[in-house]
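Start counting the sequence shown at 30; every next residue gets the next number (the working numbering). Quick reminder that beta carbons are idealized off the backbone N, C-alpha and C, glycines included.
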Amino acid sequence: MTSDSPRPHVRISKAANRYLVFDIDDVMYLRRNHCICSVFVGTMPQAPQQSVFMGLPIELMAEEAQVLVEKKVAYVVDDSSYHPARIAAAGPQDQRYLDVVMGVTSDAQRSQRETAEARKAMFANKGTSKKKEKKNNMASDTQASEDVTVAPSAGAEAVAEATSLFDATPEPAVATTKTTPVNREAPEAWMATLTTSDALLTPSPGQDEPVASVDVPASYPLYAHLQDKGYFMMPGLRFGCDYNVYPGDPLRFHSHFQATGFQWNEGINVLDLVTAGRLGTNVKKSFLIGGKVEDEARQEKDATEEPALDVRAFSIEWAAM
């Protein structure tokens, strides 16, 4: 059974000019209903260099964020100004959240101090044990040299008997000094970090969230045109283009186009067309170019003909390769 209540808008966090979505429900909603996959950029603190299995959050392209804002299914919030403003105007519920944060911080600092003291004591005990062991070894060596010096000389048979490997009554081994094992286990520092900030993300009644603007590139009209047609798009840097265009979910389909946006009256280098077209053909894609139609070109269209499109696109393919 579906609920009649409208779904809340997706919250897009703008941090350092990057557009991030942290809620997994929002990620699934955008993928299923708005043809937006984006790229997972989250890593594990224990292995920050791993790049095979990324997690939340996802990073949206500026074009994706702007499309969602225009469709009125999402809004963009500048976290650098939003969070300090919410903390400064903390209410009773927010104050409890801040108290928890301060408590976690103090516990982590105390645990860190205890760990540092334990490590310092461990190294001190280790140094003392080494000094004692060295002193005992020097005393044993001195005693052994004295025994060898004062020992009377014996005959060849006595020496052979004493050094025989098959002696039935071996002499008792000399007791060696053993140092007390040092406990190397130090208390582990648990640097606890809260995994949610719902108290800060949920605005108080009557409080509006400051909506941030989105800086879109010049190729945005082509992106919006293809996205409106139901295509999925991913960044196309590795194919030398703006967007890698898929007819469906990238997990199920191979991309059909490598798209690059241009201005309507912008000059295009022929070498760029040849290079991108040949590359697209080699990787089984068509090179697609497009741009927004200028008002002058749209007005030239006869009123009796079909209305001109806001964006026009053309595909280039090398058929002889």
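For the 7 Å CB-CB criterion, K43 and A241 form a contact. The three-state secondary structure of G132, taken from DSSP, is helix. Rounded to the nearest whole angstrom, the C-alpha separation of M83 and F286 is 26 Å.
Annotation for E92: the continuous alpha helix (DSSP H) segment containing it runs 91-99.
DSSP places G290 within a strand segment (E or B) once states are collapsed to three. Looking at the DSSP output, Y104 shares a beta bridge with R40. Residue pairing by DSSP puts P264 in a beta bridge opposite Y272. The alpha-carbon separation between N62 and D54 amounts to approximately 12 Å.
Shown here, P250 sits in a helix according to DSSP, grouped into three states.
Annotation: A305 is outside any beta strand (DSSP E); the continuous alpha helix (DSSP H) that includes it extends over 299-311. Per DSSP, L280 is not a residue of any alpha helix (DSSP H), being assigned neither H nor E. Of the candidates F268, F282, G269, the residue whose Cα lies closest to the Cα of Y260 is F282.
Per DSSP, I65 is not a residue of any beta strand (DSSP E), being assigned neither H nor E.
Looking at the backbone, the Cα of Y275 and that of A288 are separated by about 11 Å. For L89 and N311, the gap between their C-alpha atoms comes out near 28 Å. Closest by C-alpha distance to L255, out of V68, G306, E92, is E92.
Scanning its chain for C-beta atoms nearer than 7 Å, with the 5 sequence neighbours on each side dropped, one finds around L302 the residues I345, in chain order. The criterion of a C-beta distance shorter than 7 Å is not satisfied by G319 and V299. Collapsing the DSSP output to three states places E88 in a strand.
Here A305 is not near F291, since their CB atoms are 7 Å or more apart. Comparing C-alpha distances from W293 to each of E162, L251, P86 shows the shortest one belongs to L251. Looking at the DSSP output, Y58 shares a beta bridge with no other residue. In this structure, M57 is the residue among F268, Q141, M57, V322 with its C-alpha nearest to the C-alpha of L85. When the five nearest sequence neighbours on each side are left out, the beta carbons in the same chain lying within less than 6 Å of the beta carbon of Q95 are those of V243, V245, in order along the chain. Under the criterion of beta carbons closer than 8 Å, I87 and S67 qualify as touching, at roughly 4 Å. Checking the DSSP bridge columns, you'll see Y48 partnered with K43, L89. Assigned with DSSP and collapsed to three states, G296 falls in coil, not helix or strand.
At the C-beta level, A103 and I41 come within 7 Å of one another. With a contact defined as Cβ atoms closer than 8 Å, V39 and L97 qualify at about 7 Å.
Here F316 carries a strand assignment [DSSP, helix/strand/coil]. C-alpha of V322 to C-alpha of E295: approximately 12 Å in a straight line.
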